[in-house]
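In the working numbering, the protein residues as written are 894 to 1397.
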């Protein structure tokens, strides 16, 4: 009598679904190999190849808009998959790849100005590799893929921060970033191992089903796994008290890398946090909801107070202010995720976080683009260096003022006001009135330092204005961010519609 045939373990691959991160990874390998055969005068081609690759990866999101696609699914249950290209995935991938594209445009100019002091081939390979990992993460639907994507996004970023050889500040920044990230990974892996031990699965949807019915003797182990996993992701999002690495890392890194970390690094951390809380651990909302609400309050307060304390004459004070501001913005981003634990419609709350992240990405990259422009003639990038910028470059001064007002949430930066109101509403609707009050107080604190910087732009310059030509890549980055900010300020509902109120 013949035995029954064993079930096939061969999984089909949907190449279109995985095309965006795959193309970024392939271009990274092409750049690495091409660097071996190009002489020093032609290495600039690697930058434009990288820009083209990121633009093509972003364009590959368009064919995926017609519906959800999944791949690497279990042969025994095709509904359980490791990679899903749903609406949430596509929105975050657009943010990640678009942010990486703008950072690449800033990097083209920065590498040219460095005059060979930065290794171009390695720089572009690392940037593309990190972008590929960051684009993979929001599509991950099992804990193993999630951690692998997180590390593929993070490991090249360490090297990017410390890529300036012989620069003590850069090396120190890379070390702090490395130690904090490795600690986060170790804590996350310990938590994930506890979750796997108690549920017997790594797939997020199955974890959500099984973790509710854990045997009593393993209940404490499951709770510890949930808490440790969340603590690991709190490191990645730069939430207080895990934010200590941010200011020094931003100052020590090349400015385009700091811009990349401020947007893409945050997208990685927050998309991972959303997946483990709302998708994997919804039954533990009573644990992670209050914890994230407290972290949100602490993070926005510490970030805004840190930005408020920056002295205009201190070296790199402009970059430090943007770094502390990004910590404060991380607090705002945590609010809707915390609200999802208390809300009857958690998907709507998550939509608020994604909408805020899209808005923040556009205007923050624009602010970094102007900082990169000023840094070309004033390497110390102090806040005092921006005094009278309107006399040197009126358009750049107007754009920076617009970006700062967007971050502050003041007209004409309507998109910033709209994003803050959306987050505020998520907190109020979830019954977190105290958190909404803390957020309102922090918005007022942030108004002071954003308006103070804005006022500096239009004061009389202390010396003769230094006029200089804006390179084409930098012009393109400024134009793209300005167009996004202006268009979205005119029609802010586009952001929420794109982010979606039903993401999963």
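Quick reminder that beta carbons are idealized off the backbone N, C-alpha and C, glycines included. Keep in mind the model is a prediction, meaning the values are calculated, not measured.
Residue i burial status per 10 Å Cβ neighbour count (16 or more: buried)
i	result
residue 1244	buried
residue 1371	buried
residue 1337	exposed
residue 955	exposed
residue 1013	buried
residue 1059	exposed
residue 1081	buried
residue 1208	exposed
residue 941	exposed
residue 1222	buried
residue 1135	buried
residue 1141	buried
residue 969	exposed
residue 1246	buried
residue 905	exposed
Where residue i falls: helix, strand or coil (DSSP)
i	result
residue 1112	helix
residue 1283	helix
residue 934	helix
residue 1204	coil
residue 1139	helix
residue 954	coil
residue 1078	helix
residue 1235	coil
residue 1106	helix
residue 1278	helix
residue 1306	coil
residue 1271	coil
residue 839	Given that the chain is displayed from residue 894 to residue 1397, the structure contains no residue 839 and the question cannot be resolved.
residue 894	The predicted position of residue 894 is uncertain, since its pLDDT is 46 and thus under 50; a value taken from the coordinates is nonetheless stated next. Residue state, collapsed to three classes: coil.
residue 1064	helix
residue 1401	A question about residue 1401 goes unanswered here, because the residues of the chain that appear run from 894 up to 1397.
residue 905	coil
residue 1011	coil
residue 971	coil
residue 1130	coil
residue 1158	helix
For residue i, the residue or residues it bridges with in DSSP
i	result
residue 1033	976
residue 962	978
residue 1096	1035
Supposed contact pair residue j and residue i - C-beta distance, whole angstroms, cut 8 Å
i	j	result
residue 992	residue 1312	Wrong, their Cβ atoms sit about 16 Å apart, outside the cutoff.
residue 1279	residue 1211	7 Å
residue 1096	residue 1034	6 Å
residue 1115	residue 1107	5 Å
residue 1063	residue 1155	Not really, about 17 Å apart at Cβ, beyond 8 Å.
residue 1314	residue 1160	Contact doesn't hold; Cβ gap of about 22 Å is too wide.
residue 927	residue 1005	No, residue 927 and residue 1005 are not in contact; Cβ-Cβ is about 18 Å, not under 8 Å.
residue 1050	residue 1158	7 Å
residue 999	residue 1248	Contact doesn't hold; Cβ gap of about 24 Å is too wide.
residue 924	residue 1029	About 18 Å; that fails the 8 Å criterion.
residue 1188	residue 1126	Not really, about 11 Å apart at Cβ, beyond 8 Å.
residue 1190	residue 1331	5 Å
residue 1303	residue 1310	7 Å
Close beta carbons around residue i, own chain, < 8 Å, minus the five adjacent residues each side
i	result
residue 1422	In this structure the chain extends from 894 to 1397, so residue 1422 is not present and cannot be described.
residue 1117	1084, 1087
residue 1179	1234
residue 1378	1255, 1256, 1259, 1295, 1296, 1299, 1306, 1308
residue 1101	1172, 1173, 1174, 1175, 1176
residue 994	944, 947, 948, 951
residue 1355	1280, 1281
Residues of its chain near residue i, where Cβ-Cβ distance is below 6 Å and the 5 sequence neighbours each way are ignored
i	result
residue 1203	1210, 1213, 1214
residue 962	907, 910, 978
residue 1342	1200, 1201
residue 899	Because the pLDDT of residue 899 is 49, which lies under 50, any placement of that residue in the model is unreliable, and the question is left without a value.
residue 1091	1107, 1111, 1114, 1115
residue 1149	996, 999, 1000, 1003
residue 1319	1229, 1232, 1242, 1245
residue 1184	none
residue 1383	none
residue 1027	989, 1046, 1157, 1161
Beta-carbon proximity list for residue i, same chain, < 7 Å, skipping 5 on both sides
i	result
residue 916	946, 949, 950, 953
residue 1186	1231, 1325, 1328
residue 894	Low confidence applies here, because residue 894 scores a pLDDT of 46, under 50, leaving its location unreliable; read the following figure in that light. Contacts found: none.
Contact test: residue i Cβ vs the ligand FAD heavy atom, cutoff 7 Å
i	result
residue 1374	As far as ligands go, the structure on display features none, and thus does not contain the ligand FAD.
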